[in-house]
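Input: a single structure, listed below in structure tokens.
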Amino acid sequence: MIGNVPDIITISKWTENRVQDRLIARIISKTIITPGLLHRFNLHPDPLCIVCNENNDISHILLKCRKYASFRVILWNKLNIVEPNITYDVLLSHAFTNKKNLTIFIQALKYFDIS
Ligand SMILES: [Zn+2]
């Protein structure tokens, strides 16, 4: 366990394949490719979200970005998250509670332009 988040070995028993395992590992370690992360390695000119003008990292996209507000409401509902303002770790603890939530979370990522 990493806080309330199960470790990758536990989670990998629920995933369908290695591509999903790698995606989950990148989400947990916040090394998923976003404009904000690319900017840290000088590969992208602008780290800021064009809608919100905040650092466009995975945490911003999933938790804060106004561009994805409607998808966030649906995802929070499906994962039984009642508090709109949560931390990244709290989101992951809900997303990785069990195989059902993991599947919901992985399917939702494409709506956040993450996959
Ligand atoms: Zn934004």
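The sequence shown begins at 3 in the numbering used here and counts up one residue at a time.
Note that CB positions come from ideal geometry on N, CA and C, so glycine has one too.
Run of the alpha helix (DSSP H) containing residue i, from where it starts to where it stops
{"i": "P37", "result": "37 to 42"}
{"i": "I62", "result": "Looking at the sequence itself, residue 62 is His, so the reference to Ile does not match. Counting along the chain, H62 falls outside any alpha helix (DSSP H), and DSSP gives it neither H nor E."}
{"i": "I108", "result": "101 to 111"}
{"i": "F98", "result": "Note, F98: premise wrong, no alpha helix (DSSP H); not H, not E."}
{"i": "F73", "result": "71 to 80"}
{"i": "I26", "result": "20 to 30"}
Euclidean distance between Cα positions of residue i and residue j
{"i": "I108", "j": "I116", "result": "9 Å"}
{"i": "Y90", "j": "V75", "result": "16 Å"}
{"i": "Y113", "j": "T105", "result": "14 Å"}
{"i": "K66", "j": "H46", "result": "21 Å"}
{"i": "I30", "j": "V92", "result": "12 Å"}
{"i": "V84", "j": "L77", "result": "11 Å"}
{"i": "N55", "j": "D48", "result": "10 Å"}
{"i": "G71", "j": "C51", "result": "Looking at the sequence provided, one finds Ala at residue 71 rather than Gly. Each residue's Cα considered, the two are about 14 Å apart."}
{"i": "N57", "j": "N44", "result": "14 Å"}
{"i": "W16", "j": "L64", "result": "22 Å"}
{"i": "Q22", "j": "P37", "result": "21 Å"}
Inter-residue CB distance, residue i and residue j (contact presumed, cutoff 8 Å)
{"i": "L81", "j": "H62", "result": "At roughly 19 Å, the Cβ-Cβ gap does not stay under 8 Å, so L81 and H62 are not in contact."}
{"i": "I11", "j": "K32", "result": "Not really, about 19 Å apart at Cβ, beyond 8 Å."}
{"i": "I13", "j": "F98", "result": "6 Å"}
{"i": "V7", "j": "L111", "result": "The pair is not a contact, with the Cβ atoms about 16 Å apart (cut-off 8 Å)."}
Beta-ladder partner(s) of residue i, from DSSP
{"i": "L50", "result": "N57"}
Ligand 2 heavy atom lying under 6 Å from the CB of residue i
{"i": "L64", "result": "Ligand 2 is not among the ligands present in this structure, which contains only ligand 1."}
| field | Environment of ligand 1 in chain order, Cβ to heavy atom below 5 Å | value | Ordered by chain, the residues meeting the criterion of a beta-carbon within less than 5 Å of a non-hydrogen atom of ligand 1 are C51, V53, C54, C67.
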